[in-house]
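**Student:** Let me begin by handing over the structure; questions about it come next.
In the working numbering, the protein residues as written are 112 to 574.
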């Protein structure tokens, strides 16, 4: 069915203007003033913003709980992508983890099978390399040809996921050769392990997560990853950056001309390490890695979000249940399940905190949530903008309404939202994916499995 979105204010990364949008099947065909409906389905966007569909470049859905072959996972692709759609996210780039005893391509196929009958938004995968062997390295060209143009290596989680510097250099070099992007979880895993033993002697409470993973662990690993990327002459993407020192290292490299890209997450902008000390073990809801930082870090990160130091705001979304975390109370902070949810909340959080509270431009808002992730991860211009020929992925957003965040209206597979009770400006009204209404005035109207796998191309070295 053809569609006409009438009367809205179109916002892209570069322009803001009033116009109608005609959709021919799955793509945008025409943008103009007072376009006739010609029998098309009409969506009234009068008084609303029309954004390109948001892209969440960092999610963990159906994430295996160690041991990875236990069959127990966090979240599910149906509920979590329904939540994403309600939040205006029309595409995700999830993490396909290399499974024990499996190669990279085989692991990718495992994850595709999990998603294909459930996901209601379009989805691609980064390949999270957990065993960086020579055999895994040889699979890089095949995976790039299959549409996986990004890989993640961990500098933390010793004995579980952690790769050494040689592996990081090898994968960065392969990325350079084959046109891929390497992202890193930048914390010094050796130091984290040592600090964890020391801190456990003093406290088992959730605050121990922050004390055992001090900012210096992130600062050092970020600087080291940047230098290794410089040796490989390869772009580098730093996931979930939380530390002021790490941000400074990235900015220095970028000012020197090195293609270093920075992602942060709403939890580092809205919460700090004091939230880990909430009574009744409530602090366990805020356990993530890197951990929440001192309160003064939030203003520095917000400044980078608003003024250009941060390239992407993603979520690092993990659905988990507080009831399950509560079971580990008294066992030690290192036993608490890791991760903070937010795949539904991101759009309104960034609109309220960035646009309304701090004067961030709407164009910058679109850059962070849509255009930059599309460009960096090989989806642009099919995704990430509003233009003829682009996929008709559109968000109808009402700036005049407010949203109260509560688990009562959150759709992902969890018993809590860390943002419980927050009232924020703005509301996602309707969401269109490839010309199909998925959320219609707040009601989910699509079917399980309506999302498509995204074959991604070579990322941009500059944005």
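All residues carry an ideal CB built from backbone N, CA and C; glycine is no exception. The model shown is predicted, which means the values in this text are computed figures rather than measured ones.
Locate the beta strand (DSSP E) running through residue 202, then write down its first and last residues.
**Tutor:** Numbered from its first residue, the chain shown carries residue 202 at position 91. Taken as a continuous stretch (DSSP letters only), the beta strand (DSSP E) holding residue 202 covers 200-208.
**Student:** Whose CA, out of 283, 205, 370, lies closest to the CA of residue 243?
**Tutor:** Stepping through the chain shown from its first residue, residue 243 is reached at position 132. Nearest C-alpha to residue 243: 283.
**Student:** For residue 499, does the count of other Cβ atoms within 10 angstroms reach 16, so buried, or fall short, so exposed?
**Tutor:** Translated into positions along the chain shown, residue 499 becomes position 388. Exposed, because fewer than 16 other Cβ atoms sit within 10 Å of the Cβ of residue 499.
**Student:** Going by DSSP, which residues form a beta bridge with residue 163?
**Tutor:** Walking along the chain shown from the start, residue 163 turns up at place 52. Paired residue(s): 505.
**Student:** Could you tell me the distance, in whole angstroms, from the CA atom of residue 534 to the CA atom of residue 460?
**Tutor:** As a first step, residue 534 is located in the chain shown; it is residue number 423 there, counting from the start. As a first step, residue 460 is located in the chain shown; it is residue number 349 there, counting from the start. Spanning the two alpha carbons is a distance of roughly 9 Å.
**Student:** Jot down the residue ranges of each uninterrupted alpha helix (DSSP H) in the segment 270-328, minimum 4 residues, whole runs only, in chain order.
**Tutor:** For the segment 270-328, whole alpha helix (DSSP H) runs of length 4 or above, ordered along the chain, are 276-289, 300-311, 318-323.
**Student:** Where does residue 433 sit, in a helix, a strand or coil, going by DSSP?
**Tutor:** Counting from one through the chain shown, the residue named residue 433 turns up at place 322. Of the three classes helix, strand and coil, the one that applies to residue 433 here is helix, per DSSP.
**Student:** Would you give the residue range spanned by the beta strand (DSSP E) that residue 374 belongs to?
**Tutor:** Position 263 of the chain shown, counted from the first residue, corresponds to residue 374. Its beta strand (DSSP E) spans residues 371-375.
**Student:** Which partner residues does residue 128 have in the DSSP bridge list?
**Tutor:** Here residue 128 corresponds to residue number 17 of the chain shown, with the count starting at 1. For residue 128, which the question treats as bridged, DSSP gives the partners 121.
**Student:** Of the choices 300, 456, 203, 429, whose alpha-carbon is the least far from that of residue 273?
**Tutor:** Walking along the chain shown from the start, residue 273 turns up at place 162. Checking every option, the nearest Cα to that of residue 273 belongs to 300.
**Student:** Considering only C-alpha positions, which residue in the set 226, 268, 209, 223 is nearest to residue 251?
**Tutor:** For the purposes of this step, residue 251 is taken as residue 140 along the chain shown, with counting starting at 1. Comparing Cα-Cα distances from residue 251 to each of 226, 268, 209, 223, the minimum goes to 209.
**Student:** Check whether the Cβ atoms of residue 495 and residue 124 lie closer than 9 Å to each other.
**Tutor:** Within the chain shown, the letter at position 384 stands for residue 495. Within the chain shown, the letter at position 13 stands for residue 124. The answer is yes: Cβ separation under 9 Å.
**Student:** Nearest to residue 170 by alpha carbon, out of 163, 186, 134?
**Tutor:** Reading the chain shown from its first residue, position 59 is the one you call residue 170. Selected option, being the one with the closest Cα: 186.
**Student:** Starting from residue 356, follow the alpha helix (DSSP H) in both directions and report where the run begins and ends.
**Tutor:** Here residue 356 refers to the residue found at position 245 of the chain shown. Here the alpha helix (DSSP H) through residue 356 covers 355-366.
**Student:** In its own chain, which residues sit with a C-beta less than 6 Å from the C-beta of residue 467, not counting the 5 before and 5 after it?
**Tutor:** Within the chain shown, numbered from 1, the residue matching residue 467 stands at position 356. These residues qualify, in order along the chain: 536.
**Student:** For residue 268, name the three-state secondary structure that DSSP assigns.
**Tutor:** Position 157 of the chain shown holds residue 268. Residue 268: coil per DSSP, three-state reduction.
**Student:** I need the straight-line Cα distance from residue 119 to residue 258, nearest angstrom please.
**Tutor:** Within the chain shown, numbered from 1, the residue matching residue 119 stands at position 8. Within the chain shown, numbered from 1, the residue matching residue 258 stands at position 147. Computed Cα separation, rounded: 34 Å.
**Student:** Locate the beta strand (DSSP E) running through residue 547, then write down its first and last residues.
**Tutor:** Here residue 547 refers to the residue found at position 436 when the chain shown is read from its first residue. Run containing residue 547: 547-551, per the beta strand (DSSP E) assignment.
**Student:** Can you list, in chain order, the residues of its chain with a C-beta nearer than 6 Å to that of residue 311? Leave out the 5 residues immediately preceding and following it.
**Tutor:** Residue numbering aside, residue 311 sits at position 200 when the chain shown is read from its first letter. Answer for residue 311: 443, listed in chain order.
**Student:** Around the C-beta of residue 167, are 16 or more other C-beta atoms found within 10 angstroms, so that it is buried, or is it exposed?
**Tutor:** Translated into positions along the chain shown, residue 167 becomes position 56. Classification for residue 167: buried.
**Student:** For residue 574 versus residue 344, is the C-beta spacing smaller than 9 Å?
**Tutor:** One-based indexing of the chain shown puts residue 574 at position 463. One-based indexing of the chain shown puts residue 344 at position 233. Taking 9 Å as the Cβ cut-off, residue 574 and residue 344 do not qualify as a contacting pair.
**Student:** Counting beta carbon pairs with one atom in the segment 543-558 and one in the segment 502-514, are three or more of them shorter than 8 Å?
**Tutor:** Yes, the segment 502-514 touches the segment 543-558.
**Student:** I'd like to check one pair, residue 430 with residue 350: are the Cβ atoms closer than 9 Å?
**Tutor:** Here residue 350 corresponds to residue number 239 of the chain shown, with the count starting at 1. Here residue 430 corresponds to residue number 319 of the chain shown, with the count starting at 1. The answer is no: Cβ separation not under 9 Å.
**Student:** Who are residue 448's beta bridge partners in DSSP?
**Tutor:** Numbered from its first residue, the chain shown carries residue 448 at position 337. Answer by DSSP bridge pairing: none, since residue 448 is not bridged.
**Student:** Determine the contact status of residue 155 and residue 523, defining contact as a CB-CB distance below 9 Å.
**Tutor:** Your numbering for residue 155 matches position 44 in the chain shown. Your numbering for residue 523 matches position 412 in the chain shown. No, they are not a contact pair.
**Student:** Tell me which same chain residues have a C-beta within less than 6 Å of the C-beta of residue 226, skipping the five on either side of it?
**Tutor:** Locating residue 226 in the chain shown gives position 115, counting from the first residue. For residue 226, where only same-chain residues beyond five positions count, the Cβ hits under 6 Å are 188, 234.
**Student:** Leaving out five residues before and five after residue 355 in sequence, what residues of the same chain have Cβ atoms less than 6 Å from its Cβ?
**Tutor:** To locate residue 355, count along the chain shown from 1; it is residue 244. Excluding residues within five positions, the ones whose Cβ falls inside 6 Å are 408, 411.
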